[in-house]
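Numbering (our numbering), first residue to last: 48 to 319.
Built from N, CA and C at the ideal position, the CB exists for glycine as well.
As the structure is a computational prediction, the values presented were derived from the model and not from experiment.
Below: the structure, in structure tokens.
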């Protein structure tokens, strides 16, 4: 463990040997200092935690805390490994190339190894709420875990999500958006869970693909269709935030600019 001190947060670098994943998982913990009321502490997990340093995540948190703009968060940044495209996905189904085959094991790692590790390491028996965020393919994984485990999580932060994830290739004649996008089917076949909240970020420059030639890039189309599925399932517009960035790209710099918006949406203090 290598703690890094800033005036408002403590960053600790740890590792956890996962039986489910068969590898050592590096994890960075961002702990707020001088928490006046521990009952106000929430938990935020982040996929692709290895990118948080490049994002300047510690500085983002420091700035928000210094302004008293957000309530306290224990942020847990989970580094991915060499099998990222196998560990991230939808737990119930691989994509058409067999990617995401270990997403079920990753889900088990989160639920049965990481969450208990957090509790035992920091002696925090309960949080005000628990959230999960991710970027690109990590956003797909975060949404799958949150949607299917409302007993553990109540918020999702989804940045440029890979919601195109599909069961057959889009070049196949029988391909149909409504039938073959996996996460959309997962939501459609799932059930409404009260109290869930969802934050979606997209950039107009996320990509250039437009498979249905409607003038809207696929990443935005796929995200808006996920939102439609959630609304059809019973969630209200108050449960969902959609943040579209006209100059947003599919990169860490863009997600870093969107991060304060997400954090204030989820844990902003009303008086600010």
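*Separation of residue 185 from residue 136, as counted between CA atoms*: 8 Å
*Quick one: grab the DSSP three-state call for residue 162.*
When secondary structure is reduced to three states using DSSP, residue 162 falls in the helix class.
*Quick one: what's residue 114 bridged to in DSSP?*
When beta bridges are read from the DSSP output, residue 114 appears opposite no residue.
*For residue 176, which residues from the same chain have a beta carbon less than 7 Å from its beta carbon, with the 5 sequence-adjacent residues on both sides left out?*
89, 201, 202
*What did DSSP end up calling residue 150 once you bin it into helix, strand or coil?*
helix
*Counting only runs of 4+ residues fully inside the region 119–148, write out the alpha helix (DSSP H) ranges in chain order.*
131–134
*Is any heavy atom of the ligand ZN found at a distance shorter than 8 Å from the C-beta of residue 149?*
Annotation note on the ligand ZN: not contained in the displayed structure, which lists no ligands.
*Count the other CB atoms, across all protein chains shown, that sit within 10 Å of the CB of residue 279; report buried if there are 16 or more and exposed otherwise.*
exposed
_Spatially closest choice to residue 56 from 118, 282, 193, 300, by CA coordinates_ = 118
*Express the C-alpha separation of residue 114 and residue 158 in angstroms, rounding to a whole number.*
33 Å
_Reduced DSSP secondary structure (H/G/I, E/B, other) of residue 309_ = helix
*Using a beta-carbon distance below 9 Å, is residue 265 in contact with chain B?*
The chain labelled as chain B is not found in the depicted structure, where only one protein chain is given.
*Same chain, Cβ closer than 6 Å to residue 301, five either side skipped, listed in chain order*: 250, 295
*If you draw a straight line from the alpha carbon of residue 171 to that of residue 181, how long is it in whole angstroms?*
23 Å
*When we look at the beta-carbon of residue 238 and count the other beta-carbons within 10 Å, is it buried (16 or more) or exposed?*
exposed
_Helix, strand or coil at residue 74 [DSSP, three-state]_ = Assignment of residue 74 by DSSP, reduced to helix, strand and coil, places it in the strand class.
_Selection from 66, 121, 68 that minimises the alpha carbon distance to residue 81_ = When each option's Cα is compared against that of residue 81, the closest is 121.
*From 60, 317, 101, 313, residue whose alpha carbon lies closest to that of residue 165*: 60
*Quick one, which of 243, 253, 263, 230 has its alpha-carbon nearest residue 276's?*
The closest CA to that of residue 276, considering only 243, 253, 263, 230, is found on 230.
*How would you write the range of the alpha helix (DSSP H) that residue 277 sits in, first residue to last?*
Following the DSSP letters along the chain, one finds residue 277 inside the alpha helix (DSSP H) bounded by residues 265–280.
*With C-beta atoms as the reference, is residue 76 less than 9 Å away from residue 160?*
no
*Roughly how many angstroms lie between the CA atoms of residue 107 and residue 99, to the nearest whole one?*
10 Å
*Hey, how far is the Cα of residue 206 from the Cα of residue 292?*
11 Å
*residue 200 - DSSP class collapsed to helix/strand/coil*: coil
*Thinking C-beta only, is residue 124 closer than 9 Å to residue 316?*
no
*May I have the straight-line CA-CA distance separating residue 52 from residue 226, to the nearest angstrom?*
Confidence at residue 52 is low in this model, with a pLDDT of 49, below 50, so the placement of that residue is unreliable and no value is reported for it.
*Tell me whether residue 228 is buried or exposed, calling it buried when 16 or more other Cβ atoms sit within 10 Å of its Cβ.*
buried
*asked:* In the DSSP output, what is residue 178 paired with across the bridge?
replied: 91, 202
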